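Going down the list, the protein sequences come from chains S and D. Add 6 to a position in the first sequence, counting from 1, and you land on the number used in this note's numbering. Add 81 to a position in the second sequence, counting from 1, and you land on the number used in this note's numbering. Even for Gly, the Cβ is constructed at its ideal location relative to N, Cα and C. If you're wondering where the values come from, they're calculated on a predicted model, not measured in any experiment. All remarks here apply to the structure that follows.
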Amino acid sequence: MSLNDVAPRPAEGQLAKSPTGIDGLDAILFGGLPSGRPTLIAGAAGCGKTLFGLTFLVNGAMRFDEPGVLMSFEERGEDLTTNVASLGYDLAALVAQKKLAIDYVRLERSEIAQSGDYDLEGLFVRLGYAIDQVGAKRVVLDTLEALFAGLGDGPEVRAELRRLFTWLKDRGVTAVITAERGREGQLTRSGLEEYVSDCVIGLDNRVEEQITTRRLRVIKYRGSAHGTNEYPFLIDQGGISVLPITSAGLEHSISDAIVPSGVAGIDAMLGQGGYYAGSSVLMSGSSGTGKTILSAQFIDAACERGERSIFFSFEEAPSQILRNLRSVGIDLARHVESGMLRFESARPSLFGLEMHLVLMMREIDRFKPTIVVVDPISAFRGSASEVDSTLLRLVDLLKVRGITALFTNLVGSHELDLTVTRLSSLMDTWIGLHDIEANGERNRGLYLLKSRGMSHSNQIREYLLTDRGVELVDPYIGAEGVLTGSARLSQEASERAAILHRQQAAARRRREFDSRQAAAERHIVDMRTALEVEAEELEASARQGEAEEAALEGGRMTIAARRGAA
Amino acid sequence: MKPTPTGVQLRLVPTDAEDEAGRPGDFYCLTLYVAGETPKSLAAIANLRNLCEVHLPGHHSIEVIDLAKNPELAAKDEIVAIPTLVRRLPAPIKRIIGSLADTEKVLIGLELGSRAS
Numbered sequence: 007m008s009l010n011d012v013a014p015r016p017a018e019g020q021l022a023k024s025p026t027g028i029d030g031l032d033a034i035l036f037g038g039l040p041s042g043r044p045t046l047i048a049g050a051a052g053c054g055k056t057l058f059g060l061t062f063l064v065n066g067a068m069r070f071d072e073p074g075v076l077m078s079f080e081e082r083g084e085d086l087t088t089n090v091a092s093l094g095y096d097l098a099a100l101v102a103q104k105k106l107a108i109d110y111v112r113l114e115r116s117e118i119a120q121s122g123d124y125d126l127e128g129l130f131v132r133l134g135y136a137i138d139q140v141g142a143k144r145v146v147l148d149t150l151e152a153l154f155a156g157l158g159d160g161p162e163v164r165a166e167l168r169r170l171f172t173w174l175k176d177r178g179v180t181a182v183i184t185a186e187r188g189r190e191g192q193l194t195r196s197g198l199e200e201y202v203s204d205c206v207i208g209l210d211n212r213v214e215e216q217i218t219t220r221r222l223r224v225i226k227y228r229g230s231a232h233g234t235n236e237y238p239f240l241i242d243q244g245g246i247s248v249l250p251i252t253s254a255g256l257e258h259s260i261s262d263a264i265v266p267s268g269v270a271g272i273d274a275m276l277g278q279g280g281y282y283a284g285s286s287v288l289m290s291g292s293s294g295t296g297k298t299i300l301s302a303q304f305i306d307a308a309c310e311r312g313e314r315s316i317f318f319s320f321e322e323a324p325s326q327i328l329r330n331l332r333s334v335g336i337d338l339a340r341h342v343e344s345g346m347l348r349f350e351s352a353r354p355s356l357f358g359l360e361m362h363l364v365l366m367m368r369e370i371d372r373f374k375p376t377i378v379v380v381d382p383i384s385a386f387r388g389s390a391s392e393v394d395s396t397l398l399r400l401v402d403l404l405k406v407r408g409i410t411a412l413f414t415n416l417v418g419s420h421e422l423d424l425t426v427t428r429l430s431s432l433m434d435t436w437i438g439l440h441d442i443e444a445n446g447e448r449n450r451g452l453y454l455l456k457s458r459g460m461s462h463s464n465q466i467r468e469y470l471l472t473d474r475g476v477e478l479v480d481p482y483i484g485a486e487g488v489l490t491g492s493a494r495l496s497q498e499a500s501e502r503a504a505i506l507h508r509q510q511a512a513a514r515r516r517r518e519f520d521s522r523q524a525a526a527e528r529h530i531v532d533m534r535t536a537l538e539v540e541a542e543e544l545e546a547s548a549r550q551g552e553a554e555e556a557a558l559e560g561g562r563m564t565i566a567a568r569r570g571a572a
Numbered sequence: 082m083k084p085t086p087t088g089v090q091l092r093l094v095p096t097d098a099e100d101e102a103g104r105p106g107d108f109y110c111l112t113l114y115v116a117g118e119t120p121k122s123l124a125a126i127a128n129l130r131n132l133c134e135v136h137l138p139g140h141h142s143i144e145v146i147d148l149a150k151n152p153e154l155a156a157k158d159e160i161v162a163i164p165t166l167v168r169r170l171p172a173p174i175k176r177i178i179g180s181l182a183d184t185e186k187v188l189i190g191l192e193l194g195s196r197a198s
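Structure below.
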C-alpha cells in the first residue's frame with residue numbers, strides 16, 4: 007500500500023466519493039463509494055462481505071486518513087482480528103492508534119425478553135460514541151440483519167433501521183451495510199435495500215464446471231455512473247482484487263521502439279529488427295516446434311538488456327522449464343536469481359479464466375515487467391467466447407501498460423486452428439512454427455504470417471534447435487524451390503559437387519592452356535635458338551670465305567712474285 | 082431521538098439493607114438503561130419502581146444509567162435497545178427490553194412468576 011494515495015477530489019457539483027482502495031473496484035465505481043451515504047453490500051454466505059467492509063475500513067484508516075468504526079453483529083472483535091491477520095491487516099494496531107474502533111454487538115434472543123415499547127437508541131449511542139472516539143469518517147455495519155434475528159422482525163426494528171440510515175447520513179459518515187442475499191428476486195433476506203438507496207453492490211460466488219468464481223456487480227449507484235457488468239474478484243493473501251473488464255480500451259499510446267526477439271534470424275526477418283515495444287506477438291505451432299524455447303530466448307535477451315519479465319506457464323512447472331531450457335543452452339535461472347525474471351505457473355483448471363486474468367494482472371502490476379510471456383494460451387479451456395474475451399482483455403491490459411507480450415499457442419500440426427484465426431486479429435505479429443514433413447523426415451520451418459506496421463520477410467525459414475537455442479538456417483532457395491532438412495543438405499551437397507566439378511574442369515583447362523602456352527613458348531625459344539645458330543653459322547661461313555679469299559689473294563700474290571722473280 | 086442534555090442520572094439505593102444481608106439469594110440487583118428523559122425511559126423507570134415495590138419490597142436495588150451521559154457504558158454492558166432492564170443478581174443475567182409496561186412479562190423475564198402468583 008502506497009502512502010501517496012490520495013482520495014480523488016470530486017469536480018464541482020459532482021458526488022463526493024470515498025475510495026475503497028480495492029484494486030479495480032474504485033474504477034468500476036468511478037472513484038469510490040458515495041461519501042457520507044450508506045452503501046449496501048449484499049451477498050450469500052461466504053461471498054466476502056465482511057472482508058469488503060474491513061478492507062474499506064483498513065484502507066480508509068491507513069491510506070486515506072479516514073478513521074473508521076466497525077460494528078459487528080456476527081463476529082467478535084478478537085475473531086475478526088485473527089481472521090484478517092493473514093491478509094496483513096493489523097486491526098489491533100489500528101485500534102491502538104485510534105484509527106479504528108470495533109464494537110461487537112451481541113444479541114442473544116434467548117436472553118432477551120420484551121415488555122412494552124423500545125427503540126434502538128442504545129445502538130445509536132454505541133455507534134455515536136465509537137465514531138466520536140476515533141473521529142470516524144467510515145462506518146461498517148456487519149451484518150445489520152442480525153438485529154432481526156436478535157430482536158425479531160417487528161415494526162419497531164424496521165422503524166429504527168430507517169432512522170439509523172437517516173442518522174448515518176446526518177453524521178456524514180460513509181457507511182457500508184452488509185446483508186445476506188435473499189431468495190429469488192430478493193436482494194437481501196430482510197429487504198434492507200428499501201432503506202439503502204444510494205449504492206447497492208451485489209456479491210456472488212458461482213460454481214461452473216467445478217470452478218468457483220466470485221463475482222461482483224454494482225446494482226445501483228444513485229447520482230453516479232458505474233460499471234454495469236459482473237466483475238470477477240479474488241480473495242487471497244493479498245486481500246480483494248477486482249478486475250474491471252472496462253479498464254482497458256484502445257486508447258493506449260503506441261511506441262516505435264523495437265524489442266529484439268532474442269533470435270537474430272527472426273529479427274532479420276522482421277523489417278525493423280524486432281517486435282514493436284508494447285505489441286502482442288502470437289507464436290503458434292504444433293507440439294515440439296520449440297515455442298517455449300523461442301519464448302525463453304525472447305526473455306533471456308530482455309533480461310540481458312536489464313528488462314524485467316514475467317513467464318506465465320500453464321503447462322510446465324518452472325523447475326521443469328528451467329531444466330529443459332538448460333539442455334538447449336538457455337540459462338534463465340540466473341535471471342530469476344537476479345530478480346529480473348519471475349515465473350508464475352498454475353494449472354489452468356485451478357481457477358476460472360477470469361481469475362487467471364485477475365491473478366496475472368495483479369502479478370504484472372506488482373512486478374512491473376516490460377516483457378510478458380504466456381505459455382500457452384491454448385491451455386485455457388472454456389467456451390470460445392469466454393476464452394476470447396479473457397484474452398482480448400489481457401491483450402488490452404498489457405498494451406495499456408506498454409508491455410510487449412509473447413503468447414504461444416498449441417495448434418494441430420497441419421491446419422491453423424480455429425482459435426488461432428479468431429485470435430489473430432488481436433495480435434500485431436504472428437509467427438507460425440511448422441513441421442515440414444518430406445522425404446521421410448520432419449523439419450521445422452518458421453514464417454511470419456503478419457507483422458503490423460513493418461515490412462517483413464515472406465520466407466519460410468528452417469530452424470534448428472541447437473545447444474545454443476534456436477538458430478535459423480540460411481534458406482536454400484534455388485531452381486528447385488525452398489528446400490529444408492536433408493533435402494536441403496543433399497541439394498547443397500550436389501551443388502557443392504557441381505561447383506567442385508566445374509572448378510576442376512576449369513583448372514584442367516587452365517593447366518592444358520598453361521602447358522600449351524609453355525610448349526609454344528618453348529617452341530619459340532627453340533626456333534629462336536635455331537635461327538641464332540643459323541645466324542652464327544652464316545657469320546662463321548662468311549668469315550671463313552673472307553679468310554679463304556684473303557688466303558687466295560695472298561697465294562696469288564706469292565705465285566706472282568715467284569713468277570716475277572723467276 | 083437525540084439525547085437530552087438535561088438527562089438526570091437516577092440512582093436508587095437498596096431500600097432495606099438488612100434484607101440484603103439476610104436473604105442474599107433472593108436479592109435483586111437491577112440496572113435500567115435509558116437514554117435521556119424520553120417518555121419511554123420515564124415510563125420504564127416508573128414501571129420498574131412500582132413493580133419492585135409490589136413484588137420485591139425490601140430486597141432489590143435499582144440503578145438507572147443514562148447512556149446519554151455515559152455513552153461508553155452502552156458497549157461495555159452490551160445495550161442495544163432502550164430501555165433495557167438488566168438483572169445482575171441473582172445470576173444468570175437477564176435482560177428485558179421495553180418500557181416494562183406489561184408487568185406479567187417483566188415478572189416472567191425476572192423469573193418472579195412464582196412470587197407473583
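Contact defined as beta carbons within less than 8 Å: I believe residue i pairs with residue j. What is the distance between those atoms, to the nearest angstrom?
i	j	result
LYS23(S)	SER41(S)	6 Å
ASP136(S)	ASP109(S)	Contrary to the premise, residue 136(S) reads as Ala rather than Asp in this sequence. About 5 Å separates the two Cβ atoms, so the contact holds.
TYR95(S)	LEU147(S)	In fact, because the Cβ distance is near 18 Å, the residues do not count as touching under 8 Å.
GLY188(S)	ARG177(S)	Not quite, the Cβ-Cβ distance comes to about 28 Å (not below 8 Å), so this is no contact.
What residues in its chain sit with their C-beta under 6 Å from that of residue i, if we drop five residues either side in the sequence?
i	result
HIS440(S)	GLY451
SER389(S)	none
Quick check: is the beta carbon of residue i nearer than 8 Å to any beta carbon in chain S?
i	result
GLU200(D)	Chain D is shown from 82 up to 198; residue 200(D) falls before or after that span and cannot be answered.
LEU111(D)	no
PRO164(D)	yes
ILE160(D)	yes
LEU181(D)	yes
ALA172(D)	no
LYS150(D)	no
Given this structure, state the Cα-to-Cα distance separating residue i from residue j, to the nearest angstrom.
i	j	result
HIS529(S)	GLU559(S)	44 Å
GLY197(S)	ALA50(S)	14 Å
ALA162(D)	HIS141(D)	23 Å
ASP158(D)	CYS205(S)	33 Å
ILE160(D)	GLU392(S)	51 Å
ALA102(D)	LEU132(D)	Caution is warranted here: a pLDDT of 37 is assigned to ALA102(D), below 50, making its placement in the model unreliable, and no coordinate value can be reported.
SER333(S)	MET361(S)	34 Å
LEU193(D)	ILE126(D)	18 Å
PHE70(S)	ILE177(D)	42 Å
ILE207(S)	SER247(S)	15 Å
LEU454(S)	ASP434(S)	11 Å
ARG329(S)	THR295(S)	18 Å
GLN243(S)	LEU93(S)	5 Å
ILE34(S)	HIS232(S)	6 Å
LEU404(S)	LEU397(S)	10 Å
Kindly list the residues whose CB is nearer than 7 Å to the CB of residue i, restricted to its own chain and excluding five residues on each side of it in sequence; keep chain order.
i	result
ILE316(S)	ARG348, GLU350, GLU369, ILE370, PHE373, PRO375 and VAL378
GLY418(S)	SER292
GLU166(S)	ASP125 and LEU126
GLN278(S)	ILE264 and MET460
ARG104(D)	Low local confidence applies: a pLDDT of 40 at ARG104(D) is under 50, so the model's placement there is unreliable, with the coordinate-based value given in what follows. Correct list, in chain order: HIS140.
Looking at the C-beta of residue i, does it have a partner C-beta in chain D at a distance below 8 Å?
i	result
GLU127(S)	yes
TYR95(S)	no
LEU157(S)	yes
ASP394(S)	no
GLU117(S)	yes
PHE201(S)	The question names Phe, yet the displayed sequence has Tyr at residue 201(S). So, not an interface residue.
SER121(S)	yes
Is residue i near the ligand MG, judged by its Cβ being under 7 Å from some heavy atom?
i	result
ILE143(D)	This structure lacks the ligand MG, and indeed carries no ligand of any kind.
Which same chain residues end up closer than 8 Å to residue i when comparing Cβ atoms and leaving out the 5 residues on each side of it in sequence?
i	result
ILE118(S)	GLY156 and LEU157
VAL321(S)	Sequence check: residue 321(S) is Glu here, not Val. Result list for GLU321(S): ASP381, PRO382 and ALA385, in chain order.
Ordered list of beta strand (DSSP E) runs contained in the stretch 283-355 of chain S, each at least 3 residues: 286-291, 315-319 and 347-351
Would you mind listing the beta strand (DSSP E) stretches within the stretch 144-179 of chain D that are 3+ residues and don't spill past its ends, in chain order? 165-170 and 175-178
Can you check the stretch 56-135 of chain S for any alpha helix (DSSP H) of at least 4 residues that lies completely inside it and give the ranges in chain order? 83-91 and 97-102
Length-filtered (3 minimum) beta strand (DSSP E) runs lying within the stretch 381-443 of chain S: 410-416
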